[in-house]
């Protein structure tokens with residue numbers, strides 16, 4: 001598994017993807033830090049970019065990588081090698097190298113601008129944390145989609161739809177539900193529904209770290225206790241880790257049963 | 001030396017109509033060993049000088065028009081049982097004392113200094129510590145409360161009092177006081193023609209300043225910060241609120257300034273910064289709101305539909321999560337020439353005012369009013385999308401809630 005991981009990483013490093021990805025984050029965060037008056041604003045803007053872009057790039061890249069290395073995978077599967085360790089290696093290699101480009105792309109501008117007050121460090125590490133989590137979650141979902149569809153077009157279509165659904169459509173349905181059941185207490189539903197979407201979850205984790213979270217407590221006692229305490233943070237982080245484990249487990253099971 | 005000189009000055013400049021009287025000294029090494037003994041001998045116009053020391057004499061009744069001055073800040077202690085100074089005579093001056101440990105009562109309003117039906121009293125430069133109520137004036141007139149520092153230990157609303165409490169008073173001046181850790185910092189009920197100026201009110205459980213049924217009052221240049229629910233002005237007319245700072249009233253149900261049933265006031269030159277809701281209005285009517293700064297609040301302004309005929313001009317709205325929200329489908333207030341940091345219009349004729357109207361109310365604010373828990377979607381991509389759609393063609397937000405000529409740059413005096 002380690003060997004596969006290493007080769008996938010090298011493969012990624014040789015392609016221009018990692019560099020483009022790194023460069024994108026580098027330029028974006030450097031620009032934002034340069035032009036916005038205080039770092040916390042830049043962090044909020046970066047959050048918005050990260051929670052939409054990380055999922056998109058990781059799903060698409062994984063699907064693409066899987067389809068293009070399809071023959072190579074088949075070749076390796078003919079060797080005395082466990083299926084799960086092959087796919088795990090590839091998965092971690094891909095998600096890991098994406099996470100690395102992303103982390104450095106974010107970290108270096110902060111170091112250059114010397115924004116290293118303790119508050120900034122906490123916010124930045126939360127930002128990197130949710131980015132890495134999202135990358136892993138959506139890479140796993142990408143594998144799930146790619147393993148499911150032999151047809152490339154269908155695969156890409158499904159991948160894009162999953163991203164679109166999580167990033168936009170889900171929130172629309174979410175809001176619709178809340179407005180529809182307006183006459184009932186909806187704060188439990190609201191919290192529950194946001195745990196079912198990793199993008200919402202990532203947004204909430206970031207908000208918990210920014211002092212804007214107090215604003216959310218204004219509308220109800222449940223939100224107040226959730227957003228005003230560390231319990232909220234622990235629960236959301238735990239939920240997003242489950243979000244990594246669950247799709248990973250699913251695609252590995254899928255691979256184990258698949259007839260290549 | 002300087003202190004002695006100030007006291008001398010204060011005494012000599014004390015209410016002019018008081019005839020120059022004798023000076024009685026109270027202290028361990030003086031003629032009078034206790035304050036009560038000194039008071040017994042004092043006559044109208046006398047000065048009672050209390051020397052440095054510790055005095056615990058229960059409730060001290062001041063029923064003569066005299067001056068009580070502390071030398072070297074003597075401590076008068078209520079042993080957590082009593083109210084301490086009780087003034088019932090006119091023209092009393094109290095200065096330079098440290099008054100501490102007022103008793104807590106659930107049936108009586110014990111205070112560090114109480115004045116009842118008095119006029120022309122001056123309470124200046126005292127320190128009040130661990131007070132239930134700090135300074136309490138009932139039916140008083142023409143009094144001055146200046147330069148005092150009042151620190152309580154309020155833990156619960158029910159078992160705490162107010163730092164400065166005025167009830168049925170007229171012509172009172174409350175200047176340069178520091179009040180904290182009480183229920184309300186400064187509380188006024190049925191108080192008319194009063195000036196509250198340059199006070200600092202912080203860390204109070206409920207409101208920094210609380211007005212009820214009080215008319216024709218001014219409050220100017222005060223700072224209210226980190227109070228439980230900001231400042232409340234209720235059921236009052238003709239209140240002028242000028243150059244105050246409302247800061248850091250952050251958290252669930254916290255306001256910078258809460259207006260309820262207010263008529264014909266003026267709110268000018270204030271700074272509202274880092275409050276959950278900067279200014280909240282319920283039945284606030286005919287108020288001129290001008291030249292204020294609203295910075296980084298959750299909601300800068302929340303005016304319910306019952307607030308009418310208010311005018312917002314030349315205010316700066318900078319970096320608020322929501323600039324404005326209302327629960328009504330109609331708009332009965334006027335917004336013109338304000339600066340909105342979220343404004344994206346242009347100014348082709350270069351007159352300093354944007355050519356495109358600005359709509360300060362977002363669709364998201366409307367949705368939050370309908371369904372509170374939808375705030376969980378704050379800063380999501382979807383919300384940005386529908387806000388944009390609403391901005392282009394307003395359907396849900398009041399069509400006339402618009403600043404037709406917003407400032408391009410923040411307003412400066």
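Protein chains in written order, with UniProt numbering: chain Y, 1 to 260; chain X, 1 to 413.
Glycine residues also receive a C-beta, built at the ideal position from the N, C-alpha and C atoms.
Pick helix, strand or coil for residue 30 of chain Y, following the three-state DSSP scheme.
helix
Measuring CB to CB, does residue 130 of chain X end up less than 7 angstroms from residue 148 of chain X?
no
Between residue 377 of chain X and chain Y, is there a C-beta pair that is closer than 7 angstroms?
So yes, residue 377 of chain X belongs to the interface.
Can you give me the C-alpha to C-alpha distance between residue 244 of chain X and residue 289 of chain X, rounded to a whole angstrom?
13 angstroms
Any contact of the region 204 to 216 of chain Y with the region 174 to 182 of chain Y, i.e. 3+ C-beta pairs under 8 angstroms?
no
Apply the 10 Å Cβ neighbour rule to residue 276 of chain Y and answer buried if 16 or more other Cβ atoms are within range, or exposed otherwise.
Nothing about residue 276 of chain Y can be read from this structure; chain Y reaches only from 1 to 260.
Between residue 43 of chain Y and residue 123 of chain Y, how many whole angstroms is the CB-CB distance? I'm expecting something under 8 angstroms.
5 angstroms
Which residues does DSSP pair with residue 230 of chain X in a beta bridge?
Answer by DSSP bridge pairing: none, since residue 230 of chain X is not bridged.
Taking buried to mean at least 16 other C-beta atoms within 10 Å of its own C-beta, is residue 113 of chain X buried or exposed?
buried
Run through chain X and tell me which residues come within less than 7 angstroms of residue 201 of chain Y, C-beta to C-beta.
Close partners of residue 201 of chain Y in chain X (Cβ separation under 7 angstroms) are lacking, with about 11 angstroms as the shortest Cβ gap.
Please tell me whether residue 252 of chain X has its Cβ less than 7 angstroms away from any Cβ of chain Y.
yes
Report yes or no: do the region 189 to 201 of chain Y and the region 235 to 252 of chain Y share at least 3 C-beta pairs separated by less than 8 angstroms?
yes
Who are the near neighbours of residue 73 of chain X in its chain, counting only those whose CB is closer than 8 angstroms to its CB and skipping five residues on each side?
52, 96, 97, 98, 127
In chain order, what residues of the same chain have a beta carbon less than 8 angstroms from the beta carbon of residue 248 of chain X, not counting five sequence neighbours either side?
Answer for residue 248 of chain X: 225, 226, 273, 274, 275, listed in chain order.
So, with DSSP's three-state summary, where would you put residue 317 of chain X?
strand
I'd like the ranges of any beta strand (DSSP E) spanning at least 3 consecutive residues and lying wholly in the region 247 to 276 of chain X.
Complete beta strand (DSSP E) runs here, min 3: 255 to 263, 266 to 268, 271 to 273.
Are residue 210 of chain X and residue 187 of chain X close, meaning C-beta to C-beta below 7 angstroms?
For the pair residue 210 of chain X and residue 187 of chain X, the CB atoms are nearer than the 7 angstroms cut-off.
Contact criterion: CB-CB distance below 7 angstroms. Does residue 364 of chain X meet it with respect to chain Y?
No, residue 364 of chain X lies away from the interface with chain Y (no Cβ there is under 7 angstroms from its Cβ).
At 4 residues or longer, what runs of the alpha helix (DSSP H) sit wholly inside the region 308 to 376 of chain X?
Those alpha helix (DSSP H) runs which fall completely within the region 308 to 376 of chain X and span 4+ residues are 363 to 370.
I'd like the list of long-range same chain contacts for residue 115 of chain Y, defined as Cβ closer than 6 angstroms, with 5 residues on each side in sequence excluded.
Once the five neighbours on either side are set aside, the close Cβ partners of residue 115 of chain Y are 39.
Along chain X, in chain order, which residues have C-beta atoms closer than 8 angstroms to that of residue 219 of chain Y?
368, 372, 373, 375
Look at the Cβ atom of residue 238 of chain X, then the Cβ atom of residue 264 of chain X, and state whether they are nearer than 7 angstroms.
yes
Report yes or no: is there a C-beta of chain X within less than 7 angstroms of the C-beta of residue 52 of chain Y?
yes
Measure from the C-beta of residue 91 of chain X to each C-beta in chain Y and report whether the shortest distance is under 7 angstroms.
No, its Cβ sits nowhere closer than 7 angstroms to a Cβ of chain Y.
Is residue 83 of chain X buried or exposed, if buried means 16 or more other CB atoms sit within 10 Å of its CB?
Within a 10 Å sphere around the beta-carbon of residue 83 of chain X sit 16 or more other beta-carbons, which makes this residue buried.
When DSSP labels each residue in this structure, what does residue 397 of chain X get in the three-state scheme?
coil
Where does residue 346 of chain X land, buried or exposed, given buried means 16+ other C-beta within 10 angstroms?
exposed
Please report how far the alpha carbon of residue 144 of chain X lies from the alpha carbon of residue 175 of chain X, in whole angstroms.
8 angstroms
Just tell me which of X:49, X:192, X:298 has its CA closest to the CA of residue 33 of chain X.
X:49
Quick check on residue 154 of chain Y: does DSSP put it in helix, strand or coil?
Judged by DSSP in its simplified three-state form, residue 154 of chain Y adopts helix.
Does residue 215 of chain Y have its Cβ less than 7 angstroms from a Cβ in chain X?
So yes, residue 215 of chain Y belongs to the interface.
Alpha helix (DSSP H) containing residue 383 of chain X: first to last residue?
381 to 392
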